[in-house]
Each structure stands twice: as C-alpha cells, then as structure tokens.
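*Asks:*
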Amino acid sequence: KTFFVEAAHSLPGREPRLARVHGHSYRIDLVLHGDVDETAGWLVDFGQIKQVFRPYYDLLDHNCLNDVPGLDDTSLVGVRTWLRNELKPLLPWLKDVHVTLSGDGEFAPEQRDADLMFGLPPRWAFSFESAHYLPQTPPGHKCRRLHGHTWRAEVGGDDMEALLEALADLYETLDHRNLNDVDGLENATSENLCKWMWDFLSRRVEGLNVIIVQETCTARCIYHGE
Numbered sequence: 001k002t003f004f005v006e007a008a009h010s011l012p013g014r015e016p017r018l019a020r021v022h023g024h025s026y027r028i029d030l031v032l033h034g035d036v037d038e039t040a041g042w043l044v045d046f047g048q049i050k051q052v053f054r055p056y057y058d059l060l061d062h063n064c065l066n067d068v069p070g071l072d073d074t075s076l077v078g079v080r081t082w083l084r085n086e087l088k089p090l091l092p093w094l095k096d097v098h099v100t101l102s103g104d105g106e107f108a109p110e111q112r113d114a115d116l117m118f119g120l121p122p123r124w125a126f127s128f129e130s131a132h133y134l135p136q137t138p139p140g141h142k143c144r145r146l147h148g149h150t151w152r153a154e155v156g157g158d159d160m161e162a163l164l165e166a167l168a169d170l171y172e173t174l175d176h177r178n179l180n181d182v183d184g185l186e187n188a189t190s191e192n193l194c195k196w197m198w199d200f201l202s203r204r205v206e207g208l209n210v211i212i213v214q215e216t217c218t219a220r221c222i223y224h225g226e
C-alpha cells in the first residue's frame with residue numbers, strides 16, 4: 001500500500017544545504033507478506049492498512065518532521081526505521097517499509113517538447129526541494145502549517161540556451177530553503193511562485209512564454225505572464 005506525504009524537515013549537523021529547513025514529497029510503501037485468507041480471498045483489507053496508517057499520515061503530512069514526537073532522525077533511514085517500529089505491532093503482516101523521495105535531488109533540467117493539448121511551447125523541466133506555509137489560509141488549514149514539497153517547474157522561452165543559465169541561478173535561490181524566507185515570497189502559493197519566478201527570470205533573459213509550477217502530483221499552475 002502506497003502513501004504520499006508532503007513534509008518539511010532539516011538535518012542538523014549535516015552540510016549547510018541539508019541543515020536548512022527545506023521540504024520533500026515523500027513516497028511511503030508498506031510491504032505486507034503472509035498467507036491469503038481462504039474465505040476473504042485476501043491477505044488483509046487495504047482499507048484496514050489505510051485505517052492503521054492514518055494517524056501516522058496525519059503526523060507526517062503537511063508538517064515539519066522535526067516536530068513529530070519520537071521521530072529523532074528525520075533522514076530517510078530514520079523515518080523508515082521509526083515507521084517500521086511503530087507499525088509492526090499494529091500490522092502483523094508488515095514485512096518492510098520503503099521511504100523514498102520524488103525529484104532529482106540536484107539541478108538536472110530536461111527539455112520537454114511542445115504540448116499541443118495544453119498549448120505549451122518547448123520548455124525546460126526541473127525539480128527543487130523546498131518548504132513553505134501559507135499564512136493567509138484559515139486557522140486549522142493544513143497548508144498554514146510548515147510543510148514542504150518536491151516542486152516541479154517547467155519554463156519556456158524563445159532562447160532556450162540562455163534560459164538554461166538563468167534557471168541554474170533560480171534553482172540555487174529556491175532549492176533547500178523555506179520559500180517564505182525569500183524576499184517577495186512571504187505567501188508562497190503556486191500562483192505567487194509562478195509570478196515571482198517570471199520576474200526573477202525576465203530580469204536575466206528575454207522572451208519568456210510560460211512558467212509551470214507543480215507542487216504535488218495532482219496540482220499545478222500554468223502562467224503566461226499576465
């Protein structure tokens with residue numbers, strides 16, 4: 001059973017890039033093993049797995065992992081070990097827990113062809129890993145809490161080679177940071193981030209035509225400069 005979690009964390013004592021508050025999109029796979037029940041026809045109801053995992057999902061998702069009680073090590077190994085120890089007594093069939101990150105973990109742009117369905121020109125696609133929170137959301141809204149994403153961005157322009165150099169500067173400005181600490185991104189919604197990126201890049205290159213910011217696998221914003 002697979003779950004997706006959007007969370008922030010920092011790794012104190014590690015290199016400065018990792019010690020800063022930043023964020024990731026996590027994939028958590030619970031691997032179960034055992035004999036199939038002959039009457040039910042399954043090992044365990046997937047709904048039961050979801051029910052057992054729900055309290056842990058609520059602790060991790062749209063939160064800062066460093067604030068989770070008992071989770072002293074917020075590295076991938078630490079999260080995996082903590083989950084495995086917590087869930088094993090509740091899921092006797094649990095064989096293993098895998099925790100992985102989406103994204104590239106570095107500036108690794110790939111060129112995308114034009115997308116006729118959405119009317120998008122050729123563009124560079126890359127990911128960056130940052131934290132944020134949305135201070136204008138209502139009290140109790142999960143996005144008001146510090147959390148993080150593996151953000152995916154796509155940027156198109158007339159001069160793709162010149163754009164690539166500017167995107168490297170953009171990546172260094174946004175990656176492994178809390179976006180709310182970046183001047184102009186105090187309310188770091190996807191829409192505001194698109195506009196901010198447009199202003200940042202247009203001071204360095206001409207001919208921008210699209211910026212896409214995707215904060216989760218199901219939500220993205222497309223901006224054409226107006």
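Following my numbering from start to finish, the sequence shown increments by one per residue and tops out at 226. We put the CB at the ideal spot given by N, CA and C, even for glycine.
#1: Using the three-state DSSP reduction, which class does SER202 fall into: helix, strand or coil?
#2: Using the beta-carbon count (16 or more within 10 Å), is GLN214 buried or exposed?
#3: Whose C-beta lies closer than 7 Å to the C-beta of VAL205 among residues of the same chain, with five residues either side of it excluded?
#4: By a C-beta neighbour count over all protein chains shown, 10 Å radius and 16 as the cutoff for buried, is ASP113 buried or exposed?
#5: Among ALA125, THR81 and THR216, which one has its Cα closest to the Cα of VAL210?
#6: Would you mind sorting THR2 into buried or exposed? The rule is 16 or more other CB atoms within 10 Å of its CB.
#7: Within the same chain, show all residues whose beta-carbon is closer than 6 Å to that of LEU83, passing over the 5 residues directly before and after it, in chain order.
#8: Return yes when the Cβ of PHE4 is within less than 8 Å of the Cβ of CYS217, no when it is not.
#9: With distances taken Cα to Cα, identify the nearest neighbour of ILE28 among ILE49, VAL21, ASP37 and TRP42.
#10: Restricting to Cα atoms, I'd like to know which of GLU154, HIS176, ARG54 and PHE107 is closest to LEU15.
#11: Do you know offhand how far ASP104's Cα is from PHE128's?
#12: Can you tell me whether GLY119 is buried or exposed? The criterion is at least 16 other CB atoms within 10 Å of its CB, across all chains shown.
#13: If HIS147 and GLY70 are in contact, beta carbons under 8 Å, what's the gap, nearest whole angstrom?
#14: Counting only runs that start and end within the segment 16 to 62, where is the alpha helix (DSSP H) found for 4 or more residues in a row?
#15: Would you please state the rounded distance, in angstroms, between the beta carbons of ALA188 and LEU179? I believe it to be under 8 Å.
#16: Please name the residue, chosen from GLU172, LEU30, LEU18 and ALA153, that lies closest to LEU90 on a Cα-to-Cα basis.
#17: What number of angstroms, rounded off, separates the C-alpha of THR74 from the C-alpha of ALA168?
*Replies:* In short:
#1: As a first step, residue 202 must be located in the sequence shown, where it is residue number 202. If DSSP states are grouped into helix, strand and coil, SER202 belongs with the helices.
#2: Indexing the sequence shown from 1 puts residue 214 at position 214. That one is buried.
#3: The residue given as residue 205 occupies position 205 in the sequence shown. GLY157, ASP159, ALA162, LEU163 and ALA166.
#4: For the purposes of this step, residue 113 is identified with residue 113 of the sequence shown, where counting begins at 1. Its Cβ having fewer than 16 others within 10 Å, ASP113 is exposed.
#5: Working through the sequence shown from its first residue, we reach residue 210 at position 210. Answer by Cα proximity: ALA125.
#6: As a working mapping, residue 2 is identified with position 2 in the sequence shown. The residue in question, THR2, is exposed, as its Cβ has fewer than 16 Cβ neighbours within 10 Å.
#7: Against the sequence shown, residue 83 aligns to sequence position 83. So the list reads VAL97, once near-sequence residues are dropped.
#8: If you number the sequence shown from 1, residue 217 lands on position 217. If you number the sequence shown from 1, residue 4 lands on position 4. It is a contact, given that the beta carbons lie within the stated cut-off.
#9: Within the sequence shown, residue 28 is the residue found at index 28, counting from 1. It is ILE49 whose Cα lies nearest to the Cα of ILE28.
#10: Numbered from 1 along the sequence shown, position 15 holds the residue referred to as residue 15. Residue identity check: residue 15 is Glu in the sequence provided, not Leu. Residue HIS176 is the option with its Cα nearest to GLU15.
#11: The residue you call residue 104 lines up with position 104 of the sequence shown. The residue you call residue 128 lines up with position 128 of the sequence shown. If you take the alpha carbons of ASP104 and PHE128, they lie about 8 Å apart.
#12: Taking the sequence shown and counting its residues from 1, one reaches residue 119 at position 119. When all chains shown are included, GLY119 counts as exposed.
#13: The count along the sequence shown starts at 1 and reaches residue 147 at position 147. The count along the sequence shown starts at 1 and reaches residue 70 at position 70. No, HIS147 and GLY70 are not in contact; Cβ-Cβ is about 19 Å, not under 8 Å.
#14: 16 to 19 and 46 to 60
#15: For the purposes of this step, residue 188 is identified with residue 188 of the sequence shown, where counting begins at 1. For the purposes of this step, residue 179 is identified with residue 179 of the sequence shown, where counting begins at 1. The Cβ separation is near 4 Å, so the contact holds.
#16: In the sequence shown, residue 90 corresponds to position 90, counting from 1. Among GLU172, LEU30, LEU18 and ALA153, the Cα nearest to that of LEU90 belongs to LEU30.
#17: Walking along the sequence shown from the start, residue 74 turns up at place 74. Walking along the sequence shown from the start, residue 168 turns up at place 168. If I take the Cα positions, the gap works out to 28 Å.
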